[in-house]
Structure formats: structure tokens, C-alpha cells
Amino acid sequence: MTIASILIKHGKITDEQRAEAEKAGATESVPVEKKLVDMGFATELEVIEARGEQLSIPFVDLTKIKVDRELLKVVPSRTVHRYNLFPIDRKNGAIRLATSNPFDLYAFDELRMLTGCKVEPVLASEADILRVIREHYGVGGQTVEEMIGIDEVEVVTDVDDESGDILEAAQEATVVKLVNEILVEAIRDRASDIHIEPFENDLRIRYRIDGVLHTTHVPPEIRRFQNAIISRIKILSNLNIAEKRLPQDGGFRIRAQNRDIDLRVSIIPAAHGEGVVMRILDKQSVLLSMADLGMGEEVYDSWKKIITMPHGIILVTGPTGSGKTTSLYAALNSIKSDAVKILTVEDPVEYYIDGINQVQMKPSIGLTFAFGLRAFLRHDPDVILVGEIRDKETAEVAINASLTGHLVFSTLHTNDSASAATRLLDMGVEAFLVSSSVEGVLAQRLVRRICPKCAEEFAPEPSEVPDDFELPTNGKIFRGVGCKECRDTGFKGRVGIYEFLRITDDIREVIIQRGTSGDLLKVARAGGFRAMREDGWDKVREGKTTISEVLRVAKA
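Under my numbering, the first residue of the sequence shown carries the number 63, and numbering increases by one thereafter.
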């Protein structure tokens, strides 16, 4: 039976779909099964399973098998990378070999000669094979092997002002390829940052995924090419490759997976070389709509109402990486129109938004937040975004802008919404200015979202349930058990937890009296205020996140 016939037999495709794929395949000289996948009639997995049935070769799910690590030392990684196959285990003198191409007999013969063992092929998807190769042989494993075999790549450990050797090494095709593989792997894994950290006998690469750092497996030989890798990143970022004593900042743009991605690069001198952190700025991932932020209905309604006010200051608070920029951009996107002029001053401008005038802060030439704000007022804006209120001068200019008929958005680094007013007072801003200008404060954190592919319902132990959390009526909540979609973490993506403090007349009175954040919180509670942690518990009951995630980011 043909693969198409097997798919029809199992109800995966219809006769009409096979006929359409056969017609398209004949025109393009492409096998019918490939056209079935290209046209969306069947998945790659279904085609592989059908081929296994056709050839009587078993199919394996590589996410559920246990790999024989001793066997990996026997099978050369060069062969694994060249033919895209993976040795699973060895039984009765035969090696079980995962492949997506059972017709590559030359690869099986080569492995048989290299190991002296019989080879038994099993089928697996190409994506799964590439994933386990990266997991067990390391990101860029094949490229590192190529580099080891090239004599002209010389890594210079101590570079003087004459940096010709390291410049040549950094521009070698293999080094370029290795850096590209590191970048592509990070983007594929939805990382927000890439950390390259040198140690005495190791070069560690870590990706921050959903706010948590994960160490990426790389070949140990990569340590030999540390200087060439870092110099390549410096060249891309237009930095001085000879300067190794001072921190440097730069950036560059790449195109990957059919979208433009900006990378912001920071390099610092460390004890065993230079450490690199690359922030991945993916415009598609940040430009969310208001509805995508994950706000509860009450917070969403209040936030949506306040961002359309004619004037006042609206603050978003939270630590670095809590999603403040995303929330602000979503708000600006929702209110921008031909009738509204929006100006922003940011440090740095992370994402460019059509229809909004954005200014990059440059303190070295005197362009600070306060200076930029004063200039903005002469440009007749309706809405102003100040990247961050860091000092009294910026705060006072922002307040004056709000009092003269402008809507001002900004951020503060405080732990909760109630602390925002006291932070402004601590900066030296007069209490009557704070109380009359600030209209609302949104505090937020990001928690990891339970992976939808491996979510399961369970009843937690009583010791796992905090005192302020009320279980659903059935006593069960959700957790992720781990699968290939989420790298066995049980989480995929993030969702925000929020608290919104509307500055009412009662709260303004507390601010005038220079009350503490505790005093302000008591008044807000009396008016129906709900804390961020309570929003987190709502999302636990809804099956979006876990108790441990809320406890990780929100205090009682």
C-alpha cells in the first residue's frame, strides 16, 4: 500500500485530498506524501507513522525513550550530525537508530562499519531527532567539530592593540555559523536573553525562558573558541573588539523565522574573559492587544477607562522583567489614532511603533528624561510616555506636564501599587503635587503559564496550600507534568498578575497627610482594592498557573 492509501485507511485524509495532492505533486515533481504535509492535509508525524507501517519499521516517540549515554560516546557526533540520525540504545549487540529517512542505507552501512554492530532503524520525526541531537551533543556541536579541524582558526587569549588574529578568527565562516546557531536556538526556545558566561575551564551558555534561566548543553570544546565568539558578537554590535578592560553596550538586528529581531548587547570584563548578555527584542512578542495581557475583568475595565482620560499621570510599577513595557505599549496602541499625538522618551527605545514619535535618551549629550520632557511640551502632544521616573527633576516635569493638560504614562520600580506615591514623596516631590496629578497605579508581575499540552488536574497536599488561598469546590487545581513542547518544564509562555490602585479622594487625603503605604493600603482596601496575590490565586483556580509560581513573584 502507498502512504496515501494507509492515511486514507486510518481516516487521516480523504480521497479528494489525495487526488489534489497527487495533481500538485505531479506538477512540481514532489512526492505525494510531502504535498499532503505542505497542503495541510496530513501532519509530518502521521506521514512518518504511515511510512513505518508501509515498511514494517517501528515508530518511536523520542520524548519518551531513555537514551543510552554510553552509546553516545561510541557513535561519532560527526556521523550523527551529517545524517540526522540518533542512536537510542543497544540490545543483543544491535544499535537501535532513530531516523526520518529509512532509505539512507549508506548512513546505516557507515555506522555499522564504525561500531562493528548491527543497526536496526526505527522511525522518528526530523524535528524530534534534531532536538535530541542538540540536547545530547550540544548546540552547534557539528560546527565546533569543524572548527577544531581547521588549522587557520587561532584563538588569541591575550589581545594587544594589534587584534588582527582575533579579527580573522571572528570572521571565519565556522565562527559565524556557530554564533548564528546559538541565536537561532534561543529564538526557537522563546528565550528573552542569552547569557554567555566564561569560567576558568568552561564557557556556559544560558537562555532565560519565561523568566527563568536554563543552561544550554554545548560541547566542552567550545571554551577554546570563547574569544572568537565574543569578537564576532562585538563585530555585529559595532563595538571595539580590542577593548577588553571596560564594559561595552551595543546591538544589532537579525532576520529569523521570517521576522526582524533586535538584539541589545552588553559586555562586561570578568575574571576569566568577557561576559555577554544579549537581550532578544522580538516586536511580535511585545505588541500585544489589551485583551492579551491577561488582566482580570475588574482591572481590565478600570485600566481601559483610565488610559482614555484627558490628563493626569498613570504609573506602571514592578521590577525589571515584569512586563511594564508590554503593558504600556499595549495601552498606547489602543489609544493611538490620527486625532492623538503621542510622544515617548525611552532608555532605550526597545520597540518601534508605527504612528508614535519615539525619542532615545542620551545622557552623555544631556538628553535626559527631564530635558526631553521639557522639549516635548513644545511639540503639542496629547499623550507622553516617560520611560522611567528616576529622580525628582523628572518627576516634577512629568507632574507639571500632567497638570497642564497632558496624559503622562511612566514607570516606577516599586514592589506594589501603594508604594508608588510614597516613592515620589521620598524623591522630594511635594505631597499636594502627587495627590493632584497621579490618577492610577498598575502594579504587575509575570508568572509562567501552565503548558496546555501536558496540563493535568490534581489535588494538592494541605501543606502545599497557603493560608490565603481558597481551593476550588472540587479541591483540585492544575499543573504541567512536562512534555517536549515545554522542554519538560511544565510551563510555556507567561501571563501577568495585576493590582490596580485608583487614586480616589480618600487616598488623595492620605497622600496629602504624607501617610505610609500601609495607611494608603488600608483606605484602598475599604474601597474594594484587590492585591496582586489575589489576582494570582484567581489565575491558579482558572488553571493558568500554579501556586508555586504566584508564591515566587508575589509576597503576602
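All residues carry an ideal CB built from backbone N, CA and C; glycine is no exception.
Predicted model, so just to flag it, every value in this text is computed and none were measured.
Using a 10 angstroms sphere on the CB of Met594, the tally of other CB atoms reaches 16 or more, which defines it as buried. With respect to the 7 Å criterion, Cys513 and Lys554 are classified as neighbours on the basis of their beta carbons.
Assignment of Leu508 by DSSP, reduced to helix, strand and coil, places it in the strand class.
The bridge partners DSSP lists for Lys546 come to none. Counting along the chain, Tyr269 sits inside the beta strand (DSSP E) bounded by residues 264-271.
In the three-state scheme derived from DSSP, where H, G and I count as helix and E and B as strand, Tyr362 is classed as helix. In this structure, Val470 is the residue among Val470, Met63, Arg268 with its C-alpha nearest to the C-alpha of Pro443.
In this structure, Val500 and Ile397 do not form a Cβ contact; the two beta carbons are roughly 19 Å apart against a cut-off of 8 Å.
The beta carbon of Asp324 sits closer than 7 Å to the beta carbons of Gly313, Arg315, Leu343 from its chain, once the five residues preceding and following it are set aside; these are given in chain order.
The C-alpha of Lys128 lies about 27 Å from the C-alpha of Ala253. From the listed residues Gly87, Lys515, His373, Ala505, the smallest Cα separation to Leu447 is found for His373. Shown here, Ser139 sits in a helix according to DSSP, grouped into three states. When the alpha-carbon of Lys306 is set against those of Asp322, Thr177, His257, Ile330, the nearest one is in Ile330. DSSP places Ser472 outside any alpha helix (DSSP H); the residue lies instead in the beta strand (DSSP E), whose first and last residues are 469-474. A straight line joining the alpha-carbon of Leu486 with that of Val237 spans about 49 Å.
A distance below 7 Å between beta-carbons, with the five flanking residues on each side excluded, links Ala483 to the following residues of its chain, in chain order: Val496, Val500, Ile573, Leu582.
Under the DSSP assignment, Ser91 falls outside any alpha helix (DSSP H); it carries neither an H nor an E label. Contact between the stretch 600-613 and the stretch 519-528 is present: three or more C-beta pairs spanning the two stretches fall below 8 Å. Collapsing the DSSP output to three states places Ile446 in a strand.
Here the alpha carbon of Val338 sits roughly 10 Å from the alpha carbon of Gln310. Ranked by how close their Cα comes to the Cα of Asn462, the residues Asp478, Asn477, Ser479, Phe438 have Phe438 in first place. Sixteen is the threshold: when 16 or more other Cβ atoms of the shown chains lie within 10 Å of the Cβ of Asn289, as they do, the residue is buried. When DSSP states are grouped into helix, strand and coil, Ile375 belongs to the strand group. About 10 Å separates the Cβ atoms of Leu275 and Arg266, ruling out a contact at the 8 Å cut-off. Under the three-state reduction of DSSP, Ile303 is assigned to coil, being neither helix nor strand. Each residue's CA atom was taken as its position, placing His475 and Leu147 some 50 Å apart.
Per the C-alpha coordinates, the member of Gly114, Leu613, Val361, Cys516 positioned closest to Thr125 is Cys516.
Assignment of Glu95 by DSSP, reduced to helix, strand and coil, places it in the helix class. Per DSSP, Tyr168 is one residue of the alpha helix (DSSP H) stretching across 167-177. Residue environment analysis places Arg556 among the buried positions, since at least 16 neighbouring C-beta atoms fall within 10 angstroms of its C-beta.
For Gly337, the uninterrupted beta strand (DSSP E) run begins and ends at 335-344, by DSSP.
In the three-state reduction of the DSSP assignment, Val241 falls in the helix class.
For Pro183, the closest alpha carbon among the candidates Leu176, Ala169, Arg193 is that of Ala169. Here Leu508 is buried: its Cβ has 16 or more other Cβ atoms, across all protein chains shown, within 10 Å. Going by beta carbons, Glu408 and Gly449 fall inside the 7 Å limit. Residue range 493-499 is occupied by the alpha helix (DSSP H) that includes Phe494, with no beta strand (DSSP E) assigned at that position.
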